[in-house]
Amino acid sequence: MQPSVTGAAAGQVSPTAEATEDSIMASSRDHWDETYRTKAETLVSWYQPSPERSLALIGSVAPSRSAGIIDIGGGASRLIDGLLAEGYGDLTVLDISTVALDRAKARLGPRAETVNWIAADIARWRPSRIWDVWHDRAVFHFLTERPAQEAYIAALMQATRAGSAVVIATFAPTGPERCSGLPVQRYDASALAARLGADFELVAQAEEAHVTPAGATQDFQYGVFRRR
90 MQPSVTGAAA GQVSPTAEAT EDSIMASSRD HWDETYRTKA ETLVSWYQPS
140 PERSLALIGS VAPSRSAGII DIGGGASRLI DGLLAEGYGD LTVLDISTVA
190 LDRAKARLGP RAETVNWIAA DIARWRPSRI WDVWHDRAVF HFLTERPAQE
240 AYIAALMQAT RAGSAVVIAT FAPTGPERCS GLPVQRYDAS ALAARLGADF
290 ELVAQAEEAH VTPAGATQDF QYGVFRRR
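Take the sequence shown: its letters are residues 90 to 317, numbered as in the working numbering.
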């Protein structure tokens with residue numbers, strides 16, 4: 090899980106603004122590190138023992154088992170376990186929390202060496218390669234400020250090419266207004282498509298009623314897009 094709450098926009102920024110962004114990023118990182126230090130991964134609200142919906146949607150758009158797949162805000166999610174079990178071999182997980190990433194690595198054991206791990210704030214990250222599939226379950230909805238959303242989309246553009254698939258899950262309009270103490274921006278698939286812009290064509294959508302470890306129900310929507 091990784092909400093980036095920094096509002097870095099493209100272009101030059103003043104030293105004061107840069108210092109402010111650094112402070113915000115550190116605060117966001119500290120928030121999620123503390124969350125993972127104080128809660129078992131099986132007790133956080135977004136926990137899924139097996140992320141079947143994400144696995145199915147990725148399987149529907151990945152061109153092959155050698156496809157490059159990146160999981161944004163993957164943290165300690167079990168998605169990477171499922172992808173490895175299904176034979177995918179070019180996997181990357183990005184998260185702002187090193188604590189979350191370390192938990193995933195420890196759980197995977199030697200298999201972790203086959204995964205590329207990136208500790209970064211999505212709104213400040215600059216991709217160094219192209220992926221065939223971009224997956225994000227519950228990062229984008231934490232970006233409630235337009236500059237942070239624009240920075241995310243800029244990273245998405247840099248990390249994909251025409252034909253790349255994008256799977257993004259957010260809280261649906263009937264979902265919670267907050268998560269882990271932070272506000273979220275809720276979307277339906279068409280609103281998410283409008284926010285991503287004309288470079289991304291909505292090709293499929295799905296809904297999911299996620300039941301948290303505490304027994305609450307959270308309504309998610311999944312949008313599947315193809316980069317034009």
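Beta carbons are placed, not taken as given, at the ideal position from N, Cα and C, and that holds for glycine. Computed from a predicted structure; not experimentally measured.
Looking at the unbroken alpha helix (DSSP H) that takes in residue 247, where does it start and where does it end?
235-248
Roughly how many angstroms separate the alpha carbons of residue 139 and residue 145, rounded to a whole number?
11 Å
Beta-carbon within less than 6 Å of residue 168's beta-carbon, same chain only, minus the 5 sequence neighbours each way: which residues are those?
140, 143 and 160
In whole angstroms, what is the alpha-carbon distance linking residue 311 and residue 130?
22 Å
I think residue 315 touches residue 254, with their Cβ atoms under 8 Å apart; what is that distance to the nearest whole Å?
6 Å
Own chain partners of residue 288 with C-beta closer than 8 Å, once the 5 adjacent residues on each side are dropped:
246, 316 and 317
Three-state class that DSSP yields for residue 125 in the structure shown:
helix
Contact belief for residue 188 with residue 126 at Cβ below 8 Å, rounded distance in angstroms:
6 Å
Considering residue 191, what are the terminal residues of the alpha helix (DSSP H) in which it resides?
187-197
Just the Cα atoms here: how many angstroms apart are residue 352 and residue 186?
Missing from the structure shown is residue 352; the chain here goes from 90 to 317 and no further.
I need the straight-line Cα distance from residue 36 to residue 165, nearest angstrom please.
Examination of residue 36 is not possible in this model, given that the chain is present from 90 through 317 alone.
Indicate the three-state DSSP secondary structure (helix, strand or coil) for residue 148 in the structure shown.
helix
Does the stretch 274-281 come close enough to the stretch 254-265 that 3 or more CB-CB pairs lie under 8 Å?
yes
By DSSP, does residue 295 sit in helix, in strand, or in coil?
strand
Backbone secondary structure at residue 105 - three-state DSSP:
In this prediction, residue 105 scores a pLDDT of 48, lower than 50, which makes its location untrustworthy; the coordinate-derived value is nonetheless stated afterwards. Residue 105: helix per DSSP, three-state reduction.
In this structure, does DSSP put residue 211 in helix, strand or coil?
coil
Cα-Cα, which of 154, 199, 230 and 305 is closest to residue 276?
230
Within 7 Å, strictly: CB atoms of residue 180 and residue 172
yes
Where residue 267 and residue 274 are concerned, what is the direct C-alpha to C-alpha distance, given to the nearest angstrom?
9 Å
Nearest-angstrom Cα distance between residue 240 and residue 295?
26 Å
Within its chain, find whatever has a CB closer than 7 Å to the CB of residue 200; leave out the 5 residues flanking it on each side and keep chain order.
173
What is the rounded straight-line gap between the Cα of residue 306 and the Cα of residue 298?
6 Å
Using the C-alpha atoms, what's the distance from residue 243 back to residue 116?
22 Å
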